[in-house]
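Q: Okay, handing you the structure first.
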Amino acid sequence: MIKETQKRSICKAISWRLSGSIATVLVVYLFTRKISLSLGVGAVEFIAKMFFYYIHERVWARVHWGCISHPLSKISVKDNLTSEDLSIINDKLKELGYVD
Amino acid sequence: MKTFVLGIDGLPYSFLKDIFEKGRMPHLAKMFKTYGAKQINSVYPTVSSVAWVTYMTGKNPAEHNIFGFADRTPAPFQLKIPTTQDRKATTVWQELSRQGKKVIVINVPLTYPPEEVNGILISCFLCPDINKVSYPAKLSSYLKSKDYIIDVDTRLARESKEKFMKLLHKAMEKRFEIAFELMAQDEWDFFQLHIMETDRLFHFFWHDLDAHGQYYTEIISFFEKLDNYIRELEERLSDGDRLLILSDHGFCGLKAEVQLNTWLEKQGLLRFSNNGDKRAFSYEKDSICYSLLPGRIFINLEGREEYGSVKKSDYAAIRKDIKQRLLGFIHPETKENIIDKIFFREEIYSGPYLENAADIIVHPENGYDLKGRTDNGEIFVSTALNGMHTYDDAFLCAKNCDIKAVESIKDIKEALCKTA
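The listed protein sequences correspond, in order, to chains H and V. Using our numbering, you'd call the opening residue of the first sequence number 35 and step up by one each time. Using our numbering, you'd call the opening residue of the second sequence number 12 and step up by one each time.
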């Protein structure tokens, strides 16, 4: 299964809200013909719904139902190596004559 | 039916034949006779990382992407240590895990960082820290409580060979102790235990194998102990279980380490600037080639290497020229040939990662181990190591498994899977 990072969820939340809020501002203006009210509703909605969208994304990210898994997806390499790990490995291999 | 694979690093078939004649490893000798055993080939280059990944994947290096203990990215030029993350083919224990079989794998080279399996994986001597050695990670506290040794400290061999020998005994004892406990406590369908200490012993004690050798008694005691563990292992398995015992390469005495880069430099094929800096391949642009150990020569190809200057149109002719020169490489005093075989990469490898392979793979005559230092100035060098790997002297002994078609370490996975 492809995992979505938190950063990606945040970016999607912002882009979705920007397009959604522009639509809201236009709709409110269409009915009220009041610019300040339209922008106010759009601003409040922008913040509130972006927050709820992010929560919604993170909840769905934990749900595996409906996702097609690659057969190897459950077998993965654990932690990445740190530079300190690599340095220790290199010293060990040098001692054994396997690297120069 | 369960399967147990015991890997004994670098244990030569010819050494076993010899020690069997002396009556020193009676249990393994009996297994050879009862179940059948054979001499098998290793891989090129003949190093444990490539050999065991070839075993565990059943693929050649151009398919699994592991070509040595050290590798390079050509542009920008950078040396790197390949790990599990660089391996591109699935292992026998990954496939069995996917089938829902329970696996336990201990200490097989190039299994670090440990990957998730359906069971337990304790990774190899590349692991720098016991807290990072296993999957699942929580197993490390058990290993610590057992005083498990990831690998012997080979620096000790230069300080005190006596202490080093004791450590080799202890490390092997710990591995079998833990393997026997996990065999009894955990569920498993496939179990692989790897003994690395034999490789370390042959590297540092080959010259003591003679009956007059200073550490001959301790060496024989080590192999007798190993034989007793093999007997106990067989007793712990059921009659119908499969047991495979194998090594990944053989060993022979080392006459000299051969610094291939220094030879290339003296041939005018590798050049360094006049400021004396010969570190980390700070080679000049007009160099023709460079080498990584053991015996891997990379052409300084334009468009591929960071400082590439050899034109693609000259590639074939230059490889042929280097091959010709290598064929004439002899020891100046003994007049012995240094090089046994020279391969262009496509002659021995095929697969999607062929481009990552060296352009020329050089296999030395027994006794001359190819190295790759750049800063020494001497071609022939002696160190504390006195044993080196051989290609055609690994072995395989198998109970309840058809190994007729197995000729090299690469063929074993197929034999395992056929009857799994």
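Backbone N, C-alpha and C fix where the C-beta goes; we use that ideal spot for every residue, glycine too.
1. For LYS429 of chain V, I'd like the list of residues in its chain whose CB is within less than 6 Å of its CB, leaving aside the five on either flank, ordered along the chain.
2. Using a cut-off of 9 Å between C-beta atoms, extract the partners of ALA81 of chain V located in chain H.
3. Which same chain residues end up closer than 8 Å to LEU179 of chain V when comparing Cβ atoms and leaving out the 5 residues on each side of it in sequence?
4. According to DSSP, simplified to helix, strand and coil, what is LEU73 of chain H?
5. Taking the C-alpha atoms as reference points, what is the distance between GLY21 of chain V and ASP403 of chain V?
6. Can you give the Cα-Cα distance for LEU338 of chain V and ILE122 of chain H, rounded to whole angstroms?
7. Could you spell out where the alpha helix (DSSP H) holding ILE231 of chain V opens and where it closes?
8. Is there a C-beta anywhere in chain H that falls below 7 Å from the one on ARG282 of chain V?
9. If we cut at 7 Å on Cβ distances, does LEU132 of chain V have a partner in chain H?
10. Could you check what DSSP says for GLU358 of chain V in three-state terms: helix, strand or coil?
11. Looking only at its own chain, which residues have a Cβ that is under 7 Å from the Cβ of LEU73 of chain H, when we skip the five neighbours before and after it?
12. Once the 5 residues before and after ASP200 of chain V are set aside, which same chain residues still bring their CB inside 8 Å of it?
13. Taking 7 Å as the threshold (beta carbon to beta carbon), is ASP119 of chain H in contact with chain V?
14. I'd like to know if the region 417 to 424 of chain V and the region 237 to 248 of chain V are in contact, where contact means that at least 3 CB-CB pairs between them fall below 8 Å.
15. Check whether the region 85 to 99 of chain V and the region 116 to 130 of chain V touch, using three or more Cβ-Cβ pairs below 8 Å as the test.
16. Look at ARG51 of chain H and PHE85 of chain H and say whether their C-beta atoms are less than 7 Å apart.
17. Going along chain H in order, which residues have a C-beta closer than 7 Å to the C-beta of GLY383 of chain V?
18. Within this structure, are the beta carbons of ASN387 of chain V and LEU265 of chain V separated by less than 7 Å?
19. What are the uninterrupted segments assigned as alpha helix (DSSP H) that are 4 or more residues long and contained completely in the region 145 to 190 of chain V, given in chain order?
20. Are the beta-carbon atoms belonging to ILE189 of chain V and LYS157 of chain V less than 7 Å from one another?
21. Select from V:TYR55, V:LYS143, V:TYR318, V:LEU312 the residue whose C-alpha is nearest the C-alpha of SER324 of chain V.
22. Using C-beta distances below 6 Å, list every residue in its chain close to ALA100 of chain V, excluding the 5 sequence neighbours before and after it, in chain order.
23. Counting only beta-carbon separations shorter than 7 Å, does ILE92 of chain V have a partner in chain H?
A: Checking against the coordinates, here is how it stands:
1. If we look at LYS429 of chain V and ignore the five residues flanking it on each side, it has no Cβ neighbours.
2. Neighbours of ALA81 of chain V in chain H, taken as residues at a C-beta separation under 9 Å, are given in chain order as ASN124, LEU127, TYR132, VAL133, ASP134.
3. VAL163, GLU208, ARG211, LEU212, PHE233
4. In the structure shown, LEU73 of chain H sits in a helix (DSSP, three-state: H, G or I).
5. 11 Å
6. 37 Å
7. Start and end: 227 to 247.
8. Chain H, which has no Cβ nearer than 7 Å to the Cβ of ARG282 of chain V, makes this no.
9. no
10. Reduced to three states, the DSSP call for GLU358 of chain V is helix.
11. VAL59
12. LYS13, THR14, LEU107, LYS112, LYS113, VAL114
13. Output row for ASP119 of chain H: interface = yes.
14. no
15. yes
16. no
17. For a Cβ distance threshold of 7 Å, residue set ASP134 of chain H lies close to GLY383 of chain V, ordered along the chain.
18. no
19. Here the runs fully enclosed are 150 to 156, 166 to 170.
20. yes
21. The shortest C-alpha separation from SER324 of chain V is found at V:LEU312.
22. THR68, LYS70, GLU74, HIS75
23. yes
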